[in-house]
Structures are given as C-alpha cells and as structure tokens.
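Asks: Let me give you the structure first, and then I'll get to my questions.
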Amino acid sequence: MDVQSIAMTVNGREYEFSVGTRFGQVPPEETLVETLRRRLELTGAKQSCSEGACGCCTVILNGDAVPSCMMLTVDADGADILTIEGLEDPATGQLDPIQQAFIDAAAFQCGYCTPGIIMALKALLNKNPAPTEKEVDEALSGNYCRCVSHYHVFDAVRDLIGAGKEGE
Amino acid sequence: MKHFDYARPDSFEAASAVLTAEKGSEIIAGGTDLLGVLKERILPEYPSKLVDIKHIEGAEGIAFDGSTLKIGATTKLTAVAGSEIVKEHAPLLAQAAYSVATPLIRNIATVGGNVCQDVRCWYYRYPHEIGGRLNCARKGGDRCYALLGDNRYHSVFGGRKLKTTPCQKECPASTDIPAYMEQIRKGDWDKAADILLQANPIPAITARVCAHFCQDRCNRCESDESVAVSHVERTVGDYVLENAARFYAPPAAESGKSVAVIGSGPSGLTAAYFLRKAGNKVTVYDSKEEAGGMLMYAIPAYRLPKDIVRQQTKALAAMGIDFVLNTQVGKDIAPADLEKRYDSVFYATGAWKRRIVGLAGEELTTFGLDFLVEVEKWFSGRLGDDVLVTGGGNVAMDVAITAKRLGAKKVTMACVESRGEMPASKEEIARAEEEGVVIMPSWGLSKVVEEGGSIKGMELKKCTGVYDENHRFNPQYDENDKIIVQAGTILMAIGQLVDLSFLDEKYQLQLTRGGLIAVADDDEMSTSRPGIFAGGDATLGPATVVQGVATGRRAAWGMCHYLGVPDCKGGTWTGATRNAFITYDPDAAQKTEPSRLKELPAPERGIDKEDSSSLTREEAACEAGRCLNCGCYAVNPSDLSPALIALGATIVTNKREVPAEAFFTEALCISEALKPGEIVTAITMPSVKGAVAHYDKFRLRDAIDFAIVSVATILKAEGGKFTYARVTVGGAAPVPIRLTKVEEYLVGKALTQETADAAADLAMEGSLPLAHNAFKIKQLRTYVQRAIMRLA
Chain A
180 MDVQSIAMTV
190 NGREYEFSVG
200 TRFGQVPPEE
210 TLVETLRRRL
220 ELTGAKQSCS
230 EGACGCCTVI
240 LNGDAVPSCM
250 MLTVDADGAD
260 ILTIEGLEDP
270 ATGQLDPIQQ
280 AFIDAAAFQC
290 GYCTPGIIMA
300 LKALLNKNPA
310 PTEKEVDEAL
320 SGNYCRCVSH
330 YHVFDAVRDL
340 IGAGKEGE
Chain B
2 MKHFDYARPD
12 SFEAASAVLT
22 AEKGSEIIAG
32 GTDLLGVLKE
42 RILPEYPSKL
52 VDIKHIEGAE
62 GIAFDGSTLK
72 IGATTKLTAV
82 AGSEIVKEHA
92 PLLAQAAYSV
102 ATPLIRNIAT
112 VGGNVCQDVR
122 CWYYRYPHEI
132 GGRLNCARKG
142 GDRCYALLGD
152 NRYHSVFGGR
162 KLKTTPCQKE
172 CPASTDIPAY
182 MEQIRKGDWD
192 KAADILLQAN
202 PIPAITARVC
212 AHFCQDRCNR
222 CESDESVAVS
232 HVERTVGDYV
242 LENAARFYAP
252 PAAESGKSVA
262 VIGSGPSGLT
272 AAYFLRKAGN
282 KVTVYDSKEE
292 AGGMLMYAIP
302 AYRLPKDIVR
312 QQTKALAAMG
322 IDFVLNTQVG
332 KDIAPADLEK
342 RYDSVFYATG
352 AWKRRIVGLA
362 GEELTTFGLD
372 FLVEVEKWFS
382 GRLGDDVLVT
392 GGGNVAMDVA
402 ITAKRLGAKK
412 VTMACVESRG
422 EMPASKEEIA
432 RAEEEGVVIM
442 PSWGLSKVVE
452 EGGSIKGMEL
462 KKCTGVYDEN
472 HRFNPQYDEN
482 DKIIVQAGTI
492 LMAIGQLVDL
502 SFLDEKYQLQ
512 LTRGGLIAVA
522 DDDEMSTSRP
532 GIFAGGDATL
542 GPATVVQGVA
552 TGRRAAWGMC
562 HYLGVPDCKG
572 GTWTGATRNA
582 FITYDPDAAQ
592 KTEPSRLKEL
602 PAPERGIDKE
612 DSSSLTREEA
622 ACEAGRCLNC
632 GCYAVNPSDL
642 SPALIALGAT
652 IVTNKREVPA
662 EAFFTEALCI
672 SEALKPGEIV
682 TAITMPSVKG
692 AVAHYDKFRL
702 RDAIDFAIVS
712 VATILKAEGG
722 KFTYARVTVG
732 GAAPVPIRLT
742 KVEEYLVGKA
752 LTQETADAAA
762 DLAMEGSLPL
772 AHNAFKIKQL
782 RTYVQRAIMR
792 LA
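Just so you know, the protein sequences line up as chains A and B, in that order.
Positions in the first sequence are counted from 1; adding 179 to them yields this note's numbering.
Positions in the second sequence are counted from 1; adding 1 to them yields this note's numbering.
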C-alpha cells in the first residue's frame, strides 16, 4: 500500500523515482510541476497561480491537458506525460505546427502563459483535429493570459485549423 | 507543501482501515480541492497521511442498468460531463459537472471529491502565510468574519450553527443566548422567554444581578462592544413576570413524588421550579421571614428591588410550590425527618457565615453581610462619618455603596488584590468610584486601632502579591509598609463561609468536605447519601447567582432522575436544530454602540429605589439586533450536490447508502457527514429521461468560478400544466436547499409567466440577504423563472 517508487514517461523518456524524504527522493507532497521543473529541468511548464486557476502549468497527461501544479507527482505513477519541450522533433528540431503558428501570429506577449496554452490546444487537436471556435474557446477557458495575447492566440488557431483544412 | 505520508490502497476496505487506524489520515481523490487547502495551510490541522483512492479498481466508471445510473466516486468530471449515458438519464448532472471550474481541472477532479469538497469562503480560505489563518467558527474558532465583513458571496438564507457559541459556553447556566436574541428579532417574545426559562427560571433577577460572564466572551468584543445581554435579558425577564401566570403554569400532571428544597435563594428557587415543572410536589423551607435568600436580604434594593424578588416567588408559588418560611432546618425540623417525609431533599442553604481573620480587635468590626441584611438598623446615622470597608468583591461594593448612600462622609475600601485582580465587576467598581468611594487596592489587614473599646481605624499593610507560583490565593505582605486609615466603623466584606451546623454530626460526617457539602462530579449534584442533593453556595462557597441557578437546575434533573420522573428539562425549545438556518439582522448588526440603561443621576440614588430602569421592548429588540447569531454563513460550493438532490440520488459509501438530500443537508461539514473510516464510493440515481432537466449556474467568469447561485430543476408538463417539479438551489445557503414549496406550487399550474413569477416569489421566501449580497436573491428569482419558462 505504501509507495516505494514511481515510474513515468516524460516526452518519450522513461524515469523512475524513489519515493521518500531522503535526499534525492521524491517526497509525497511534491507536485508534478515541481518535479518537471526542478528534477527534470523541463521549465516550460510554469508555476504561476499554484491553485489550478491560470493554466500556465498545463501538461498533457495520458492524453488529457491537466494543471501540473494541482497534481502530486506520486499520483502520476505510470503516466505518459508530454510537456512543451516534447513537442519539437528531437532529431530535426522542427517545431510542432502549433508552435510555428504561434510564432507566425506572434500569439504571445511575455510568453509566460504560452506553453500552457499550447499544451491545452495540443490536447484538443489530438482528440479533435478540426474543432469549432466554441470548442477552442472551451478547451482554452482554463488558460489565462494577463498580457491579453489571447486575441492573437485565436488568430494562430484559425490559421492553424484553416491550414489543416486546406491540406486535406 | 508540508510533508505528509502517502498510501495507495487497492480497495475501499483497505483505505477505510488506514483512515480508522491512523489518526490524521485523509482521503485524496483528484486533489484539486485538497491540494489548495494544504498549500495555503488554511486549516489548523494538517493531515499526516493522504490515502489515494484513485487506483482502486472499479471505483471509476459510469453505468446504467436499465433503471439506475451509477457513477463511481473516482470518475472524472470530464467523463461525467461528456457521457452520453449521463446526458440521457441525468442531463442536469452532466451540465453541473461541465460547469465545474475549467476543463483542465475537470480532467483530474472527481465526482467523489466534488461532493466532499470544502467551502470556498474567502475568510475560511485565507492563506496562513499572509498574516496567519483566520480561525473562523468553521475551523474551531468562534467568529464568522463575513457577518460584519465582505459577504457578497455568502448565504442569503442565514447561517448554520456549528457548536456552542462562546457566550453560551461562558454562561454557567448554559443559556442559549443567540437563540433567544433571534426570537426577539423575530418579535416572538414568548419563544424568547421559553428559551431563557429553559436555562434559568428567574431571568428578571439574574438580569439585574448576574455578573454576565457571557458578555466578556461576546464575539463583538473583537470589533466594538459586547451585546448588552443583561439589558435584553432584563426586558425579557420583566416580560416573564408581567405574564407570570402563563410562564409559571402548574404542571399538567402530578408525578406523585414529593421533594423538599432547603433554602430559597437562587439555587433553591431554580430547583423548585424545575422540580415542580416535572410534576413533583415541592416544599421550600427557609429560615427567614421572606423567601429569596441573599436575593431578598443581601443584595441591596437599589440593584435588585425587593418587589421583583417577591413577584418572582409569588409566581413560583402559583405553580403549586409550597413555601414554609421562618423554619430553620436543624432547629425546627431535623434533616432526618425531612428525609422521612420527602422522597428527595435538596440543600441550598447558602454561605452566610462570617469569616474570622483573627485580627486584634476584630470583634469590634461589623460583618458586611449583616450590615446589608440589617440595613434598616443603620438608617439612624449610627454609621459615623468615616467608614472603612474591607474586601474587593461585589459584596464589598454593595456594602461600600450602601454605606455611602446612608450618609457616610468618607467611605474607604481596602482590598489585598491589585486593581486588575479585584473580583468585583468593572461596572460595580465604576459605580462605587462615581459615588465617591475611595478604593485602596493592594492593602491587607494588619490590626484594628482602638481606644477604650471603640474603633478609631485600621492598620493596613502593603500586599505585594495575592497569588503564589501555583496560582493559589496566598497573599504576601511587606510588613514594613503600613498605614492607618481612620474610621469609626469597619465593615468586613472579605468573604463568607458556609454554615453547616444545622446538619447533625452523623450527616456532617457523611455529607461535608472542606466546609462545604460534597457533591458528585456528575452534573446531577448528588451527595453521598442517596436521594440527598445539594447546590448553590453550600456546595461552592460564596459564588454567583447564576452559578446558584445552574446548580439548582442540575440538581433538579438529578433528583428527577433519581425519582424516575421523566423530562423535567421543561419548555419546548431544544436548541437550534441542526437543519435550521440561523439568522441575524445585517442592518442592526452595524450598530457599534450597545444600548445603555437609563440610570438615576448619582445625587438621586438611594437605598430603596432601583438605580436603573429596564429597556423598553423596542429598545431591547434593537439591542438584540446587535447579536450576530454566530455560526457559519458560508455556502455549499459543490455544483453536483444540488443536481444530485434534485435527482433524488443516493450517496453510496463503503458503509451505507444515504439519500443525497440527507447527506448534503444534515451535516454542515463533510467531516461530520461521513463517519470515521467512511468513504464515498459511488453515486446512484434513477433516470429522469423525458423530463426537462437543467442546471443553471450564475457566476462572474464562466471558467473557474464557483456558483454564486445555481438552480437545478427537473420539470415535467402535460397538456399545458406542470405534472412534476424538483427545484434545488446551490450556492445560496450553507447547504443546498430543496424548494419544496415551489415544487408543490408548480404541480397542476399552467406553463405561464404568472406561474413563473409566483414560483420565483416562493423561492425567495425566508431569504435574508446580508449587507452585500442582495443581488443573489434577484439572480435566484431570475433563474427559477427562466427554468420554468423553458417549458412554456
């Protein structure tokens, strides 16, 4: 019943952590965003509000976009996790189309919330490659941008979905 | 987050075993509520272990078996919101789940977690890091900060009581003060009187003389001044005496038992009342000419008019209580005879005996209590010009003020205590000083200065400390620091002793300990002799009137218990019922100044005339408006709970199945709704396919916000008329509420705007907006109307 170790896949790489309070171990109270940022140095996911309200810490966990600040790392045992760092092609360095669309539309200001928005969008498009505007609204409703970049975010999404449609 | 251990059991049984075995362990499901609570450390207690139930097989999933829809506790809200099965059989539940927070949260939040989540009140959630958590009433503290603070998202239907309020806790008689204040605000003086009488049958007396410990702990003291409980009580007490025939009615049936009460002071009168109420034949014995004990003889009439005491004893006599006066037990009737004649005997003989200090010349001084009892004898100017009163308690104050009013030119009061330690109430000290009594704190008695058998004064020695390191009364003196106070009369008010000489030797041996009658520590005031009970000063030493009342009532219960006589607790009031909402008056509560009694100006005060006059009923009601009726005024935050109540769902735990309505409304906190080791495992509900079922939620931001008001409705109509209605409201009251009146009204009514308007009016019934949240009621109206008009 007590958990000695946990394993998870992050961006295609497998990790195993010993659970406990000694140096180097993952204590039960560690959140997923802390593990990603401090242990794996995947600092794309940001810890901002720390209460699941802003979406800056969004990662994809077993296919769903989740706030990694409101999850314990021990709870992610066995999970397949994708962070913003896992989007680009590891061999060629080519960006994910969503990332490219954001650059093309300059869909960010300070950029702090952008990785979360992109991951929420990625989860949506994985499940639903041609969402309606309402569905995009809904999928991004848990992500906040204080620089008001979201108008450009919607521009980027429109470009992206439109481009996809043209390609069909 | 602070450290906690973590366990991941594979069954609910195993999870329950951990919860039961390990104190401080708590369930974690999705964690979206709990992690917020832990990160901000909003609760004084932090779990030592989290028990994760997400890995329990079979705990997640949605199934419909043809009649019942079942949703596992760890099913994610995203799954509920998107489930075709849920949309078909319980569409409002899918809507409610969809309305929760954000899609990101819903991807990890669970059904079980949603129904077990903690309130969102911002005072309750105030982070510990920012200046310390607010220990509100819901967290084991006493106050609700929303009452006088920002309450725009709080309840519009009143609060709920969580525990005994500090005022009631402080009252030795456990008077439910907020409950009777509430009845006064509602204009129901009879009910207010009933509540008061259930704790204390002599309110007109206690209101005038009680030390009112309740006011010291009133939550208002934190922001302005205590509610003037004593003044309000006084008006209720006067009301009770004005309507004595009604409030002191003889019992409906006789118990067939007879009891004797020895002593007619506060304790004896109280015991007599409760004993008589239970149907016993009660005989009260007193050695004095008139009933009332210290109330009649020791407390000066300017504080407690004799007429009030006489009215009170007359009212009690009219209940059928016999008063046998001028009769001294031990002289006129032996304790053994009492025992033979009565089925049970209660001794409340008080503390009337002089305490002898052993000073040189002490025999020339006068006992302060005798001075008060025989005050008429002193009318003729025997007092002299200079009077010294020794002692610092309320009796000493009464003695000093009485002496002053009898015409003494100079009254000096010396007590061993320092000013802050003086046992007298602040009001009495202030009154004494106002009338010119000179108080000398921290002076002990050394010797009487006499000349040829007449008093010239008293030598005092400086007291350096009253209590020793063990907090025991043990005054220390500086023998080198002495002064002489000139006085022709010395009145000794340094405490009274209990005189138990009326008990013969056999009884004394059996009943007494340390100069008092020893009683069992079982709240029934029984002595070591079966059937013999005791209370008041005889068991406590010199104490307060309200302690006499409290012990008298406990003894009456104990005696009824001993006699096998049922229910003498009296009255119909059983305290704030768990499901009832408590209310206060947000406008009147803003008044920071308490009402004050009208007092005679100092020069007009005398010995026989009462110094102050009672508040009128209107003034008392206004003061009752300052009572905040402390409880919790936060609202239930769950979106699923109102929907589940409307659906007639059942909460399934590892131990039982509970109807959703009972689960969400009977207990205020989830820690009370669930028994130890109990875990919500699933939720089941019947299908409402075919009905128009909706969950409407008002909030400012569509994502993340909790409901400011939500309305769950299930409606059916046929031929233009409603045939079925379920309406439940969330976010508006401490628990979700079912609007049964609206439901009953709707059935058979036409699908029209008039119907919707009338239903909306009914929905508002009993609402009580706080200072900043009247808008919620408007919103509630609109949502009820809208839900009804969907069918039109």
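Glycine residues also receive a C-beta, built at the ideal position from the N, C-alpha and C atoms.
Is there a Cβ from chain A that is less than 7 Å from the Cβ of B:Asn-655?
Replies: No, B:Asn-655 does not count as interfacial toward chain A.
Asks: Quick one: is B:Gly-83 near chain A, going by C-beta distance under 7 Å?
Replies: So, not an interface residue.
Asks: I need the straight-line Cα distance from B:Leu-365 to B:Val-546, nearest angstrom please.
Replies: Cα to Cα, the separation comes out at about 30 Å.
Asks: Look at the Cβ atom of B:Ile-715, then the Cβ atom of B:Ala-647, and state whether they are nearer than 7 Å.
Replies: Result yes, Cβ atoms of B:Ile-715 and B:Ala-647 sit closer than 7 Å.
Asks: In the segment 289-322 of chain A, which residues sit with their C-beta less than 8 Å from some C-beta in chain B, listed in chain order?
Replies: So the close ones are Ala-299, Glu-317, Ala-318, Ser-320, Gly-321 and Asn-322.
Asks: Applying a beta-carbon distance threshold of less than 9 Å, which residues of chain B neighbour A:Val-182?
Replies: Per Cβ cutoff of 9 Å: Tyr-7, Ala-8, Arg-9 and Asp-53.
Asks: Quick one: any contact between the segment 350-369 of chain B and the segment 446-456 of chain B, if contact means 3 or more CB pairs under 8 Å?
Replies: The answer is yes - the segment 446-456 of chain B touches the segment 350-369 of chain B, with three or more Cβ pairs under 8 Å.
Asks: For a cutoff of 7 Å on Cβ pairs, would you count B:Asn-108 as touching chain A?
Replies: Output row for B:Asn-108: interface = yes.
Asks: Could you tell me whether the Cβ of B:Leu-701 comes closer than 7 Å to any Cβ of chain A?
Replies: Not an interface residue.
Asks: So A:Ser-229 contacts chain B; which residues on that side make the cut at Cβ distance below 7 Å?
Replies: In chain order: Lys-40.
Asks: With distances taken Cα to Cα, identify the nearest neighbour of B:Glu-255 among B:Ala-319, B:Ala-539, B:Glu-27 and B:Arg-277.
Replies: Looking at the Cα atoms, B:Arg-277 is the closest of the given residues.
Asks: Does any C-beta atom of chain B lie closer than 7 Å to the C-beta of A:Asp-259?
Replies: Taking Cβ atoms only, chain B never reaches closer than 7 Å to A:Asp-259, which makes this a no.
Asks: Quick check on the burial criterion: 16 or more other C-beta atoms within 10 angstroms. Buried or exposed for B:Arg-514?
Replies: By the 10 Å Cβ count, B:Arg-514 comes out exposed.
Asks: Could you check the C-alpha separation between B:Ala-577 and B:Cys-631 for me, to the nearest Å?
Replies: Note that B:Ala-577 scores a pLDDT of 46, beneath 50, so its modelled location is shaky and nothing firm can be said.
Asks: If we cut at 7 Å on Cβ distances, does A:Glu-208 have a partner in chain B?
Replies: It does: the Cβ of A:Glu-208 has a partner Cβ on chain B nearer than 7 Å.
Asks: Looking at B:Thr-682 and B:Val-659, is the spacing between their C-beta atoms short of 7 Å?
Replies: No. Outside cutoff.
Asks: Closer than 7 Å by C-beta to A:Ser-328: which residues in its own chain qualify, once you throw out the five before and the five after it? Chain order, please.
Replies: Counting only Cβ-Cβ distances below 7 Å, and skipping sequence neighbours, we find Ala-286, Phe-287 and Gln-288.
Asks: Can you tell me where the alpha helix (DSSP H) holding A:Lys-313 begins and where it ends?
Replies: 312-318 is the span of the alpha helix (DSSP H), which, as asked, contains A:Lys-313.
Asks: Which residues, taken in chain order from the segment 87-113 of chain B, show a beta carbon closer than 8 Å to some beta carbon of chain A?
Replies: The residues in question are Ala-102, Thr-103, Pro-104, Leu-105, Ile-106, Asn-108 and Ile-109.
Asks: Counting only beta-carbon separations shorter than 7 Å, does A:Gly-346 have a partner in chain B?
Replies: Its pLDDT being 40, under 50, A:Gly-346 is placed unreliably by the model, and the measurement read from it follows with that caveat. Not an interface residue.
Asks: Using a cut-off of 8 Å between C-beta atoms, extract the partners of B:Lys-3 located in chain A.
Replies: Under the 8 Å cutoff, chain A gives Glu-208.
Asks: Verify the CB distance criterion: does A:Thr-237 have a CB-CB separation below 7 Å to chain B?
Replies: Judged by the 7 Å Cβ criterion, A:Thr-237 is in contact with chain B.
Asks: Under 7 Å between beta-carbons, which chain A residues line up against B:Leu-36? List them in chain order, please.
Replies: Met-249, listed in chain order.
Asks: Note down, in chain order, each residue of its chain lying with its Cβ closer than 8 Å to the Cβ of A:Pro-206, except the 5 sequence neighbours on either side.
Replies: Hits under 8 Å: Val-198, Gly-199 and Thr-200.
Asks: Between the C-alpha atoms of B:Thr-103 and A:Gly-321, what's the straight-line distance to the nearest angstrom?
Replies: B:Thr-103 and A:Gly-321: Cα-Cα distance of roughly 5 Å.
Asks: Thinking C-alpha only, which one of B:Ala-8, B:Thr-367 and B:Glu-418 is nearest B:Ser-455?
Replies: Selected option, being the one with the closest Cα: B:Thr-367.
Asks: According to the neighbour-count rule (16 or more other Cβ atoms, all chains shown, within 10 Å of its Cβ), is B:Cys-137 buried or exposed?
Replies: With 16 or more Cβ atoms within 10 Å of its Cβ, B:Cys-137 is classed as buried.
Asks: Using a Cβ-Cβ distance under 7 Å, would A:Val-245 count as near chain B?
Replies: A:Val-245 counts as touching chain B.
Asks: Under 7 Å between C-beta atoms, does A:Ala-186 make it to chain B?
Replies: It does not: the Cβ of A:Ala-186 has no partner Cβ on chain B nearer than 7 Å.
Asks: Consult DSSP for B:Ser-68 and reduce its assignment to one of helix, strand or coil.
Replies: Coil.
Asks: With A:Glu-314 and A:Asn-307 assumed to form a contact (beta carbons below 8 Å), what rounded beta-carbon distance in angstroms separates them?
Replies: That belief holds up - the Cβ atoms of A:Glu-314 and A:Asn-307 are roughly 6 Å apart, short of 8 Å.
Asks: Would DSSP call B:Ser-345 helix, strand or coil?
Replies: Residue state, collapsed to three classes: strand.
Asks: Work out the CA separation of B:Ile-789 and A:Gly-343 for me, nearest whole Å.
Replies: Note on A:Gly-343: pLDDT 48, under 50, position unreliable in the model; no value is reported.
Asks: Which runs of the alpha helix (DSSP H) at least 4 residues long sit entirely within the segment 262-312 of chain A? Give them in chain order.
Replies: With a minimum length of 4 residues, the continuous alpha helix (DSSP H) runs that stay inside the segment 262-312 of chain A are 276-283 and 293-306.
Asks: To which residues of the same chain is B:Ser-227 closer than 6 Å at the C-beta, ignoring the five residues directly before and after it?
Replies: Closer than 6 Å at Cβ, skipping near neighbours: Gln-216, Cys-219 and Arg-221.
Asks: Got a sec: which bits of the segment 322-343 of chain A sit with their beta carbon under 9 Å from any beta carbon on chain B, in order along the chain?
Replies: Against chain B - using a Cβ distance shorter than 9 Å - the residues of the segment 322-343 of chain A are Asn-322 and Tyr-323.
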